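In UniProt numbering, the protein residues as written are 1 to 815.
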């Protein structure tokens with residue numbers, strides 16, 4: 001070691017407060033996740049490089065280091081370490097945690113320096129550089145910093161460098177003009193078809209620059225560091241490129257690394273887009289970036305869902321999540337419910353699930369505010385009833401909850417669960433007990449019970465229900481009268497005092513304001529008038545929670561949840577069969593769902609006018625051969641696999657049904673045609689094809705089937721059967737134009753394409769004469785002549801008009 005290095009080492013070892021350092025180490029040993037103690041220890045050990053690096057390693061195993069902390073650590077290593085392997089390893093660890101261009105550009109410069117000093121092979125340096133370039137190539141703003149170093153490093157290899165330049169000129173990046181200028185200098189030094197190569201490169205640049213303009217505008221806006229500007233930039237780039245969107249997310253989390261909202265948005269975006277290992281790295285960085293993110297329940301819920309997806313060990317992640325969220329009762333219960341829900345999906349047997357439930361319940365009991373909500377118990381009660389056919393155990397859980405918490409939500413959930421498993425007597429008993437014990441605002445219970453009896457009850461049960469409700473209303477009215485008696489007396493006294501004075505004129509009642517359509521959620525669906533929108537949902541609000549609350553207002557025919565593509569927040573859409581149900585819900589205002597307050601929002605279509613298609617709908621498929629039991633939820637489950645569904649139109653026709661499923665993109669609709677001739681309902685193979693409203697099937701006419709019109713009321717069905725049973729169809733055509741009861745009957749081959757006054761054939765060019773039966777109109781007279789020429793025999797025969805007696809003789813077989 002040289003004297004300068006000795007002096008540097010001595011400088012680091014001076015001034016360490018060992019007592020303070022030991023106290024901080026003790027705090028960290030007691031609680032390894034005490035981030036503040038870690039940071040204070042790192043600051044204290046700055047004068048002892050060896051101890052500082054050891055403390056840094058401990059910190060990096062638990063938390064995510066900031067970019068500045070990594071660069072400071074690397075700087076210390078480059079000064080003190082002779083072996084470049086440790087420095088390179090530290091660089092790679094830093095880039096694994098922080099996808100930062102600042103770190104990567106310093107890494108490239110370090111590699112170039114090591115190659116020039118002979119400490120690293122050129123091939124190894126190129127290998128390390130190319131790995132990082134694949135990650136950072138999509139960075140619109142700063143990727144040029146890396147490529148400038150890389151292209152300068154490989155410029156001696158002319159062909160390789162030229163290929164990289166041309167590839168770069170085809171890539172969107174902010175400094176494309178600078179790249180083009182550098183390429184010009186490179187080609188001028190190469191002296192090989194300079195003009196031709198530059199013309200070709202110029203065309204590439206012109207194509208790319210047109211796409212750069214919009215992004216350059218966003219880059220100018222985000223210079224102020226406004227999060228909303230970043231989110232709008234993300235919204236734009238998500239539609240264009242996943243790689244560029246991820247690079248913007250990395251830039252955002254580098255600035256807002258303490259913001260759980262930003263990390264949740266990032267996690268939701270990549271959850272189903274990247275490989276599981278890559279998603280896990282993002283979530284790990286999120287929950288270890290700061291104490292604020294570490295205690296965020298939604299991030300831990302996402303972590304659990306990912307481990308479930310990987311079929312990994314949930315216990316370690318669950319225990320860490322419990323540790324960090326235990327300070328918030330609501331968040332703790334969210335995590336407990338998530339763990340129980342995942343366990344149910346893992347197909348555990350009842351004993352295993354009950355054992356887990358007891359453990360989770362102990363966690364809940366340890367929480368200070370145990371009665372924050374009963375989501376865990378309700379979830380277990382529903383599992384007993386719906387999944388394991390142990391309804392008595394489920395009912396016992398509900399009874400215990402209601403003993404401690406006489407809440408309308410619990411009563412309705414209890415009754416709904418009983419109805420779901422078709423235990424109608426139990427549901428009736430629950431309703432009866434609820435209206436007798438719950439005395440505050442029970443109008444919803446009244447309505448729910450009446451609706452239940454109308455659907456599943458008998459006449460006697462409906463009468464009995466209404467008698468009980470009448471008694472309860474009298475009871476409630478008595479309570480109300482007692483409470484209002486004092487108010488009535490005070491009002492009378494006030495009126496007596498005011499009687500000596502002239503009362504002011506009454507003000508006119510203001511008219512109700514018109515509905516503000518700006519408060520509606522605009523969606524691309526023709527059924528928007530029957531739909532509700534729920535925004536910013538908590539990750540633990542389930543489909544069953546929402547349906548349980550809102551199915552009381554009407555029949556629900558569709559429901560789906562999805563993350564918002566802009567900010568990652570969970571959203572839901574619910575569709576009723578009757579639009580009146582939407583108005584009933586909106587009039588109620590806010591709702592308590594799953595322990596959270598939800599405010600439903602009405603929807604309206606993006607286009608207020610209907611547009612009827614007159615050409616092939618390439619983004620829509622027509623689905624036929626469905627049963628009358630099908631619903632939109634089932635269709636969405638099967639067709640949603642192929643892409644984003646914009647709308648589903650489902651029509652029932654007797655015992656069958658058909659549907660139109662509209663996708664966001666035509667290629668998704670085309671891909672969904674793979675479901676053609678597959679079975680989504682037992683015993684039925686559905687038909688799936690791109691929708692074409694003008695496409696109809698033309699059926700050939702059957703010469704054995706005749707169409708007879710313009711008959712008088714005196715002709716009976718038996719008369720016609722006697723006539724045509726002895727005559728062939730072709731011979732029977734001779735009766736076309738026969739006069740009967742002053743009517744000319746028409747006999748022709750039946751056209752199967754005529755239905756309900758719609759004819760697929762070419763329309764007639766001549767209309768029938770007004771006020772004259774169609775049979776004697778001009779167009780029909782032409783058909784009569786054609787029918788008379790069916791055979792040579794009938795063509796030469798002069799058919800005289802027949803009287804009614806003649807026709808009856810033919811029917812009776814008399815000549």
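Note that the Cβ used here is the ideal one computed from N, Cα and C, for glycine as well.
In this text the structure is predicted, and so the values were computed from the model without any measurement.
Euclidean distance between Cα positions of residue i and residue j
| i | j | result |
| --- | --- | --- |
| residue 179 | residue 208 | 12 Å |
| residue 451 | residue 286 | 48 Å |
| residue 284 | residue 300 | 9 Å |
| residue 33 | residue 336 | 21 Å |
| residue 708 | residue 578 | 43 Å |
| residue 164 | residue 170 | 10 Å |
| residue 463 | residue 673 | 52 Å |
| residue 185 | residue 198 | 11 Å |
| residue 17 | residue 378 | 55 Å |
| residue 381 | residue 397 | 6 Å |
| residue 65 | residue 74 | 12 Å |
| residue 226 | residue 261 | 14 Å |
| residue 21 | residue 253 | 31 Å |
| residue 432 | residue 404 | 19 Å |
| residue 627 | residue 681 | 8 Å |
| residue 642 | residue 249 | 26 Å |
| residue 666 | residue 686 | 20 Å |
| residue 415 | residue 394 | 12 Å |
| residue 775 | residue 745 | Because the pLDDT of residue 775 is 42, which lies under 50, any placement of that residue in the model is unreliable, and the number read from its coordinates should be weighed accordingly. For residue 775 and residue 745, the distance between alpha carbons rounds to 6 Å. |
| residue 524 | residue 132 | 41 Å |
| residue 461 | residue 402 | 25 Å |
| residue 884 | residue 343 | Absent from the structure is residue 884, since the part of the chain shown begins at 1 and ends at 815. |
| residue 136 | residue 302 | 26 Å |
| residue 544 | residue 560 | 11 Å |
| residue 247 | residue 149 | 20 Å |
| residue 334 | residue 617 | 44 Å |
Bridge-paired residues (DSSP) for residue i
| i | result |
| --- | --- |
| residue 537 | 570 |
| residue 838 | It is not possible to answer for residue 838, since the shown part of the chain is limited to 1 through 815. |
| residue 659 | 623 and 650 |
| residue 591 | 598 |
| residue 562 | 571 |
| residue 617 | 691 |
| residue 337 | In the DSSP output, where bridge partners are listed per residue, residue 337 has none listed. |
| residue 605 | 523 |
| residue 645 | 663 |
| residue 556 | 576 |
Residue range of the beta strand (DSSP E) that includes residue i
| i | result |
| --- | --- |
| residue 596 | 596 to 598 |
| residue 522 | 521 to 523 |
Anticipated Cβ contact below 8 Å, residue i with residue j, distance rounded
| i | j | result |
| --- | --- | --- |
| residue 602 | residue 534 | So it is not a contact: roughly 12 Å between Cβ atoms. |
| residue 468 | residue 435 | 7 Å |
| residue 258 | residue 292 | 5 Å |
| residue 600 | residue 585 | 5 Å |
| residue 576 | residue 557 | 7 Å |
| residue 406 | residue 357 | About 23 Å; that fails the 8 Å criterion. |
Residue span of the alpha helix (DSSP H) that contains residue i, given as start and end
| i | result |
| --- | --- |
| residue 103 | 101 to 116 |
| residue 307 | 297 to 310 |
| residue 174 | Segment: none, residue 174 is in no alpha helix (DSSP H) and carries neither H nor E. |
| residue 230 | 227 to 238 |
| residue 715 | Here residue 715 belongs to no alpha helix (DSSP H), and DSSP marks it neither H nor E. |
| residue 529 | Here residue 529 belongs to no alpha helix (DSSP H), and DSSP marks it neither H nor E. |
| residue 550 | 543 to 550 |
| residue 666 | 666 to 672 |
| residue 394 | 391 to 404 |
| residue 435 | 424 to 437 |
| residue 635 | 632 to 639 |
| residue 128 | 122 to 136 |
| residue 278 | 276 to 287 |
Residue i CB to nearest heavy atom of the ligand GDP below 6 Å
| i | result |
| --- | --- |
| residue 148 | As presented, the structure is devoid of all ligands, the ligand GDP included, so that no description of it is given. |
query: Okay, do the segment 203 to 220 and the segment 185 to 195 touch, 3+ Cβ pairs below 8 Å being the bar?
result: Output reads no: the segment 185 to 195 does not touch the segment 203 to 220.
- prompt: Contact between the segment 584 to 593 and the segment 555 to 565: three or more CB pairs below 8 Å?
  reply: Touching, no.
message: Can you confirm whether the segment 75 to 89 touches the segment 228 to 238 when touching is taken to mean that 3 or more C-beta pairs between the two stretches lie within less than 8 Å?
response: Under the Cβ criterion (8 Å, minimum of three pairs), the segment 228 to 238 does not count as touching the segment 75 to 89.
query: Are three or more beta carbon pairs between the segment 317 to 330 and the segment 100 to 120 nearer than 8 Å?
result: The answer is no - the segment 100 to 120 does not touch the segment 317 to 330, with fewer than three Cβ pairs under 8 Å.
- prompt: How do the segment 649 to 668 and the segment 617 to 633 stand: do at least 3 beta-carbon pairs fall below 8 Å, yes or no?
  reply: Under the 8 Å Cβ criterion, the segment 649 to 668 counts as touching the segment 617 to 633, having at least three qualifying pairs.
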